[in-house]
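S.K.:
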């Protein structure tokens, strides 16, 4: 079918220059406003090293008074009205396959402010997983869309926050009955311990959900955790540091490309401060090059500071010594093309993208 891009003015250089100039001018105006003494990015920068609850308290006025946001969206729509091929200087997140998505309004360090849209779905299944991310959040509901909110909570000890989290010792998640999501309400969450899920479950619900989401996610030794709502049991953990997540995605890509020459990068990540990142890197290395992984796997089984990583590494290392018929390798003992997966907990949760599963 014809695409709107079939009509893009490739041959009209003046029009394309005008579009780029209009976008650059608007982007400069927004940057000037955000970096002014009372601007959004200036306020965020001043709070950069404060605890999550202090950051949220300082930025709440930007959620409750949305005149600045209306002006910004009006300016973006004016660009499109002037020329539909113009691309407003707004960064999109999510939104694939008609799923939830939004616009990044501010992103500085551990702080991100986004405008989130969850499209209406008449036959939406009830969410099965609750996810907890170290940090804090404030959610200001612009349009509840007739949806229901279900709150979830889990206990986290100071020792777990300091790096002593284990899957075996994790507390269970507790979920509240669903309640109506109210337009105009603001939710303040300690996201390491509090979470929520949304569903278009109420009779008469016919519209999208729209809300402003402010998240503060400083580096943490506590992992991201996903729980089955029905049972309250932990199903998955992953590295919470953003830099660790980026490296894990890069390692997954290198493994898929078969880049055995990149094995030193995998080995380097097995020394990460984050135990979930260490185990993810080792699992990827085992899948990429079992022979190269074997000595490092043995060292991890003997010396990793996390007990569950040691146990998972030891169990994986043992696979290399099993008889041929039990491992799927040809030729029996010693490193080979092992087809058995490294031990891990159940499948990743939908929202915990990129990070590694928790060792069993």
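Numbering (our numbering), first residue to last: -8 to 351. For glycine and all other residues, C-beta sits at the position ideal for the given N, C-alpha and C.
1. Taking the C-alpha atoms as reference points, what is the distance between residue 117 and residue 252?
2. Quick check on residue 82: does DSSP put it in helix, strand or coil?
3. From 161, 273, 54 and 139, pick the residue whose C-alpha is nearest to that of residue 246; which is it?
4. Whose C-beta lies closer than 6 Å to the C-beta of residue 130 among residues of the same chain, with five residues either side of it excluded?
5. Just tell me which of 3, 198 and 182 has its CA closest to the CA of residue 214.
6. Name the one or two DSSP bridge partners that residue -1 has.
7. Applying the criterion that 16 or more other CB atoms from any shown protein chain within 10 Å of the CB defines a buried residue, is residue 128 buried or exposed?
8. Taking the alpha-carbon of residue 80 as reference, which of 92, 208 and 67 has the nearest alpha-carbon?
9. State the DSSP-derived secondary structure class of residue 231, mapped to helix, strand or coil.
10. How far does the beta strand (DSSP E) with residue 300 in it extend, from its first residue to its last?
11. In chain order, which continuous runs of the beta strand (DSSP E) of length 3 or greater are located wholly inside the region 236 to 309?
12. Using three-state DSSP, classify residue 75 as helix, strand or coil.
13. Three or more C-beta pairs closer than 8 Å, one from the region 98 to 115 and one from the region 143 to 153: is that the case here?
14. Report the three-state DSSP secondary structure of residue 128 (helix, strand or coil).
15. What are the boundary residues of the beta strand (DSSP E) that includes residue 215?
16. Is residue 234 near the ligand HEM, going by C-beta to nearest heavy atom under 7 Å?
17. Does the beta-carbon of residue 11 have 16 or more other beta-carbons within 10 angstroms, so that it is buried, or is it exposed?
18. Report the rounded CA-to-CA distance for residue 9 versus residue 15, giving the unit in angstroms.
19. In terms of residue numbering, what span does the beta strand (DSSP E) encompassing residue 20 cover?
20. Should residue 275 and residue 268 be called a contact, given that it needs their Cβ atoms to be closer than 8 Å?
M.R.: If we stick to the structure as given:
1. To locate residue 117, count along the chain shown from 1; it is residue 126. To locate residue 252, count along the chain shown from 1; it is residue 261. Answer to the nearest angstrom: the Cα atoms are 44 Å apart.
2. Walking along the chain shown from the start, residue 82 turns up at place 91. In the structure shown, residue 82 sits in a strand (DSSP, three-state: E or B).
3. Start at 1 with the first residue of the chain shown, and residue 246 comes out as number 255. Among 161, 273, 54 and 139, the Cα nearest to that of residue 246 is on 273.
4. Here residue 130 refers to the residue found at position 139 when the chain shown is read from its first residue. Same-chain partners within the cutoff: 178, 202 and 204.
5. Residue numbering aside, residue 214 sits at position 223 when the chain shown is read from its first letter. The option with the nearest alpha carbon to residue 214 is 182.
6. Locating residue -1 in the chain shown gives position 8, where the first residue counts as 1. The partner list for residue -1 (beta bridge, DSSP) is empty, contrary to what the question assumes.
7. Within the chain shown, the letter at position 137 stands for residue 128. Looking at its Cβ environment, which holds 16 or more other Cβ atoms inside 10 Å, residue 128 is buried.
8. Residue 80 sits at position 89 when you count from the first residue of the chain shown. Answer by Cα proximity: 67.
9. To locate residue 231, count along the chain shown from 1; it is residue 240. Three-state DSSP puts residue 231 in coil, outside helix and strand.
10. By one-based count along the chain shown, residue 300 stands at place 309. No beta strand (DSSP E) holds residue 300; the alpha helix (DSSP H) holding it covers 298 to 310.
11. none
12. Residue numbering aside, residue 75 sits at position 84 when the chain shown is read from its first letter. DSSP places residue 75 in coil when its eight states are reduced to three.
13. no
14. The residue labelled residue 128 in the question sits at position 137 within the chain shown. Looking at residue 128 - three-state DSSP - the assignment turns out to be strand.
15. By one-based count along the chain shown, residue 215 stands at place 224. Segment 215 to 219, the beta strand (DSSP E) holding residue 215.
16. Questions concerning the ligand HEM fall outside what the structure shown contains, since it holds no ligand whatsoever.
17. If you number the chain shown from 1, residue 11 lands on position 20. Per the 10 Å Cβ criterion, exposed.
18. Looking up residue 9 in the chain shown gives position 18. Looking up residue 15 in the chain shown gives position 24. Their Cα atoms are separated by approximately 10 Å.
19. Looking up residue 20 in the chain shown gives position 29. No beta strand (DSSP E) holds residue 20; the alpha helix (DSSP H) holding it covers 4 to 25.
20. Numbered from 1 along the chain shown, position 284 holds the residue referred to as residue 275. Numbered from 1 along the chain shown, position 277 holds the residue referred to as residue 268. It is not a contact, given that the beta carbons lie outside the stated cut-off.
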